[in-house]
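Engineer: My structure is below; once you've seen it, I'll send some questions.
Numbering (my numbering), first residue to last: 2 to 84.
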């Protein structure tokens with residue numbers, strides 16, 4: 002895979018798996034902006050919980066790599082609850 006998949010490139014078609022995810026996310030956001038109520042499973046996408054969890058996971062993975070050890074779930078949960 003090259004960077005075109007992540008950032009786009011003239012003349013390269015977006016892979017179908019990525020195109021369908023983009024379409025679904027765009028439709029979800031459009032519906033929310035038009036006043037639709039989000040399903041219970043997707044509340045965390047709107048209240049910041051999903052973003053904080055993703056940041057905590059990336060932070061723990063970076064720490065794991067720099068210290069050459071496995072990430073413990075408790076570290077991710079600790080970081081998420083502090084944020």
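Glycine is no exception: its CB is placed at the ideal position from the N, C-alpha and C atoms. Keep in mind that this is a model prediction, so the values were computed, not measured.
Can you tell me where the alpha helix (DSSP H) holding residue 45 begins and where it ends?
Structural biologist: Where residue 45 is concerned, the enclosing alpha helix (DSSP H) stretches over 44-48.
Engineer: How long is the line joining the alpha carbons of residue 36 and residue 52, rounded to whole angstroms?
Structural biologist: 22 Å
Engineer: Would you mind stating whether residue 76 and residue 61 have Cβ atoms separated by less than 7 Å?
Structural biologist: yes
Engineer: Please list, in chain order, all residues of the same chain as residue 33 whose beta carbon is under 8 Å from its beta carbon, the five residues on each side excluded.
Structural biologist: 39 and 47
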